[in-house]
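Down below is the structure, laid out as structure tokens.
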Amino acid sequence: MSKPKLSVYASVAEAAALADTRSGGCFWVAYSGGLDSTVLLEAAREVVGPTGCKVVHVNHGLNANAADWQSQCEKVASEMGLPIKVFHAELEVGNEELAGRRARYGIWSRLIRERDVLATAHHADDVAETRLWQLLTGRSPIG
Numbered sequence: 069m070s071k072p073k074l075s076v077y078a079s080v081a082e083a084a085a086l087a088d089t090r091s092g093g094c095f096w097v098a099y100s101g102g103l104d105s106t107v108l109l110e111a112a113r114e115v116v117g118p119t120g121c122k123v124v125h126v127n128h129g130l131n132a133n134a135a136d137w138q139s140q141c142e143k144v145a146s147e148m149g150l151p152i153k154v155f156h157a158e159l160e161v162g163n164e165e166l167a168g169r170r171a172r173y174g175i176w177s178r179l180i181r182e183r184d185v186l187a188t189a190h191h192a193d194d195v196a197e198t199r200l201w202q203l204l205t206g207r208s209p210i211g
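Quick note: to get our numbering, add 68 to the position in the sequence shown (first position is 1).
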């Protein structure tokens with residue numbers, strides 16, 4: 069029998085319990101502007117609240133619409149009353165997907181502190197990336 073899937077809200081609540089927001093920790097949401105991360109962001113704002121939740125967006129500059137995506141992310145975060153940090157990634161030449169992933173991980177690793185939690189939204193095709201991030205950072209899967 070398979071394990072029942074948790075709702076996004078239950079998963080956020082479980083992960084948020086690890087963020088020590090009372091001692092200065094933050095619940096960060098990696099926000100691309102896509103549907104998955106928008107659902108996660110809305111759940112995080114509702115569960116964690118605007119004082120403990122922050123947004124991070126990485127602009128890889130790979131897409132002709134990258135500036136528009138960034139603007140949309142900034143607008144949504146502002147409308148939700150959430151602070152957002154935007155980083156522009158300088159990518160290595162070669163495999164753009166791999167370079168983008170490495171850039172994100174590097175940015176996230178420098179951003180996240182001991183009491184913080186970083187939540188990323190993934191669909192089924194992103195499971196490999198999620199597992200890789202967990203292995204590289206020593207973090208355990210939640211939800």
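We put the CB at the ideal spot given by N, CA and C, even for glycine.
Taking 8 Å as the cut-off, the beta carbon of W96 is found no closer than this to the beta carbon of L166. In the DSSP assignment, W96 is bridged to K122, L186.
Between the region 105-125 and the region 75-90, the count of C-beta pairs closer than 8 Å reaches three or more; the two stretches touch.
The C-beta of K122 has 16 or more other C-beta atoms within 10 Å across all chains shown, which makes the residue buried. R183 and G149 have their C-alpha atoms roughly 22 Å apart. Per DSSP, the unbroken alpha helix (DSSP H) holding I175 starts and ends at 164-179.
Out of S105, T89, F155, G92, the CA that lies nearest to the CA of S177 is found in F155. Spanning the alpha carbons of P151 and I180 requires a straight line of approximately 15 Å. S139 is the residue among G120, S139, T89 whose C-alpha sits nearest the C-alpha of S100.
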